[in-house]
Amino acid sequence: MAQVLNVKADGSIEIQTGSNLFTHTDHLLSGDLQALIDQVTDSLNNLGASEIHVEKDTWRQFEHVVTAGEVTPNDFGTTVSEADFNQIMTLTDQLIADAEAAEQLSE
Numbered sequence: 698m699a700q701v702l703n704v705k706a707d708g709s710i711e712i713q714t715g716s717n718l719f720t721h722t723d724h725l726l727s728g729d730l731q732a733l734i735d736q737v738t739d740s741l742n743n744l745g746a747s748e749i750h751v752e753k754d755t756w757r758q759f760e761h762v763v764t765a766g767e768v769t770p771n772d773f774g775t776t777v778s779e780a781d782f783n784q785i786m787t788l789t790d791q792l793i794a795d796a797e798a799a800e801q802l803s804e
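Right under this line is the structure:
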C-alpha cells in the first residue's frame, strides 16, 4: 500500500493514501488538512523548490525535492515530518469518506 504526497509550487496537490487518490488544485479542504498542506507549501517556497514528493510503503520511504529542474533526494521526514505525513493521510481518508457519505445521503 503506497502512500504518496506530491505538492507543486503552482498549488496543485496529489495525495494517495493507499486506498484513495485525491487530486486537488482548489484548496477547499478541512481546516486541519489545509493547515498541514500550507506548512508543506511554505517549506517548498522556503527551499525555492517547484515540487516535493514524499512516498512511503512497506519496503521504502523517501522524499525528494525538485529545484530548478534538479531532483534532490532526502531521507523520509526531512522536509515533511513523519507525523505530519501520517496526519495528512488520515485527514484525506476522512475527507473522502465524509464526501462519499454526503453523496449517499443525497441519493
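Read left to right, the sequence shown gives residues 698 to 804 (our numbering). Note that the Cβ used here is the ideal one computed from N, Cα and C, for glycine as well.
If you check the CB distance, Thr764 and Ala780 do not come in under 9 angstroms. Per DSSP, Glu760 is one residue of the beta strand (DSSP E) stretching across Gln758 to Thr764. Look at Asn771 here: in three-state DSSP terms it is strand. Leu726 sits close to Ile734, with the two beta carbons spaced by under 9 angstroms.
Secondary-structure assignment with DSSP links Asn703 through a beta bridge to Glu711 and His750. Assignment of Leu792 by DSSP, reduced to helix, strand and coil, places it in the helix class. Taking C-beta atoms under 8 angstroms as the contact rule, Ser740 and Thr776 qualify, at a distance of about 5 angstroms.
Take the alpha-carbon of Thr755 and the one of Ser803: they are about 37 angstroms apart. In this structure, the straight-line span from the alpha carbon of Thr720 to that of Val704 is close to 10 angstroms. About 15 angstroms separates the CB atoms of Val751 and Leu718; that is not less than 8 angstroms, and the two are not in contact. Judged by DSSP in its simplified three-state form, Leu718 adopts strand.
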